[in-house]
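Report on the structure given below.
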Amino acid sequence: MFFAGFLCCLFCLFLVRVSNGGKCTTLSLPNAFSGLQKTFNSSVGTQVPFEAPEDVPYRRPDAVDTFADYKYRAACNISSQELHAPFSPLCQDRQSVLTAMSSGGRIGKDAPFMPRGCDMRWFNTAEVCEILSRFDRVIITGDSMMRHLIGSLNVLIRQDLGYGAVTDWNFSPDERKECFCNNQFNVKGCSVQGIYKTADVMEHDPMSVACDAGTINVAIEEIIRFPIPPDEIERFKTSLPSTKPNRPVAFVMGHGLWNDLDLQASVNWLDKLMETTTIKMPWLNEPGAFFPRLMLTPNAAGIGKPTEWRALQGNEALMEFEESVKVEAAKRGVEHLGTWNMSAQASKYDGTHLDLRGNLVKGMMVMNWLNMLDVERY
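According to mature numbering (1 follows the signal peptide of the UniProt record, and there is no 0), the residues represented by the sequence shown are -21 to -1, 1 to 357, in order.
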């Protein structure tokens, strides 16, 4: 009975008008959301909060295809409306949006992602640029999944679905054919040619960046396992400011698979990075210092996961790891974003890594965290 009502309400949300005898009722909305339907299901009450997004200017990008003007929109055939299904209410604080995103999911294979209980924003590129400009830099640290994360952010700021994640300015004709759209992530030879720093784009292809020059700085340091080699620690140090900048620095980290989901290894990895950070940036040791940190845990395992890795890195191990990391991160003042639920029904070309669509969702989840940070505390 509950499941039937749940599906009925979902169909109402996606513009399928159902008679009142079927328990669903649809109410027309004015202005920007006149094409949407506000839905409630009298049989399940508030357990399924699939109401149309609030009719306010701030939420209007959520109800349109923000990729409409992106390069290669037609060739790649990706709409933002296929990636996220907006609803109300919108999450009102950082903890609620992290919980909602971590525990949300999809109703069907590769269906639009929906946080649980309250919604996240789907920002347009102008909003992405504005949010990133609040920070002196955003430092991403971790493995190939984190490299894909920065790739998705580069797609957004370059407004380019075809080549936004990769260094296409130095591609050969063959590479342009091989590394297009999904293949930016799905082909290993293309993925390793991802953009590691927005500064590199500004140097080689500045006209491709939608954000104003000098306003954003996003970079990744690939540090994949513990113990961390000394040269990787030194490289990480160079990415940190040596004097207190005018704007805060945000840290986004991800770890796990390269240490076979060994919790203690991941905790040691995190502790080493934070120790290195506070030595280089001593002002972060001051009482009440603004020190925003987010820890991501790995994607769900897909059917393409090699058999030899399924025992150590299968879904049971991944779920246990996600819950344990959340606890350990909280002890250290580090916030946590789980990605297992978001990725469980998403395509993973090798059983581990998400495609362009899945990574764009993950990138937008991180943008929601950045947007909720209290930068005025800095």
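For glycine and all other residues, C-beta sits at the position ideal for the given N, C-alpha and C.
Every unbroken stretch of the alpha helix (DSSP H) spanning 4 or more residues and falling wholly within the segment 37 to 110 is given here in chain order: 52 to 55, 73 to 82. In this structure, S67 keeps its C-beta atom at 8 Å or more from the C-beta atom of T45. Between the segment 95 to 108 and the segment 297 to 313, the count of C-beta pairs closer than 8 Å stays below three; the two stretches do not touch. Distance between N165 and D329, taken at the CA atoms: about 8 Å.
Only buried fits N278, as 16 or more other CB atoms lie within 10 angstroms of its CB.
By the 16-neighbour rule on beta-carbons within 10 angstroms, A280 is buried.
Using a Cβ distance threshold of 8 Å, C160 and L132 do not count as a contacting pair. DSSP places A229 within a strand segment (E or B) once states are collapsed to three. Within the same chain, and ignoring the five residues on either side of L263 in sequence, the residues whose Cβ sits closer than 6 Å to its Cβ are T257, F270. Remark: fewer than three beta-carbon pairs, one from each stretch, lie closer than 8 Å, so the segment 84 to 91 and the segment 282 to 299 are not flagged as touching. Sequence-distant Cβ neighbours of F92 in its own chain, meaning closer than 7 Å and more than five residues away, are L62, H63, G83, R85, M321, V340. Here DSSP, grouped into helix, strand and coil, assigns I119 to strand. Here W148 is exposed. Its C-beta has fewer than 16 other C-beta atoms within 10 Å. When the five nearest sequence neighbours on each side are left out, the beta carbons in the same chain lying within less than 6 Å of the beta carbon of D239 are those of L291, in order along the chain. In this chain, the beta strand (DSSP E) harbouring H315 covers 314 to 316.
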